[in-house]
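Read through the structure below, which is laid out as structure tokens, and then see the notes.
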Ligand code: HEM
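Residue numbers (our numbering): 28 to 153.
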């Protein structure tokens with residue numbers, strides 16, 4: 028298996044991940060039914076985001092946390108999201124960048140989770 032080497036690989040990862048997100052009962056509900064995400068915009072945006080994280084291309088300069096605050100996310104949803112991300116990376120890639128992608132996904136998911144907990148933004152108080 029290959030490592031994540033370029034934007035093509037990032038596209039493969041991002042598309043495979045969000046296909047699985049949409050099939051996931053709980054995450055699919057948040058993305059499609061609550062947020063009504065426009066996938067034609069969200070997918071290229073996420074490719075830019077990961078391209079910046081992995082290859083420092085500076086193609087993403089947004090502030091993603093605030094996009095999540097108003098969503099009905101539970102603490103467990105970040106764990107579901109992270110598990111699905113790790114599974115998807117492991118299914119397609121192997122190597123340093125693949126490990127780094129999983130590490131950063133875990134760190135960012137935890138930081139969102141802590142911020143939402145401190146801001147009292149979780150859907151249930153768990
Ligand atoms: C339970 C977990 C999560 C849910 C349900 C979720 C859901 C969403 C939704 C609905 C959007 C808005 C999409 C749109 O309307 O275009 C969004 C944007 C985004 N999310 Fe998440 N997300 C989760 C976790 C994460 C994590 C852990 C990361 C980072 C590793 C992340 C990164 C982003 C980024 C970069 C954007 C784009 C923000 C922008 O427009 O600049 N998300 N997310």
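Ideal Cβ positions, reconstructed from N, Cα and C, are used throughout, including at glycine.
As the crow flies, the alpha-carbon of residue 61 is around 20 Å from that of residue 111. Here residue 106 is not near residue 151, since their CB atoms are 8 Å or more apart.
Within the region 29 to 55, the alpha helix (DSSP H) runs of at least 4 residues that lie entirely inside it are, in chain order, 34 to 50, 52 to 55. With a cut-off of 7 Å, the C-beta of residue 43 is classified as distant from ligand 1, since no heavy atom of the ligand falls inside that distance. By the CB criterion at 8 Å, residue 54 and residue 108 fall inside the cutoff. For residue 111, the uninterrupted alpha helix (DSSP H) run begins and ends at 102 to 119, by DSSP.
Taking all protein chains shown into account, residue 92 has fewer than 16 neighbouring C-beta atoms within 10 Å of its C-beta and is therefore exposed. Three or more beta-carbon pairs separated by less than 8 Å are not found between the region 62 to 71 and the region 137 to 146, which leaves the two stretches without contact.
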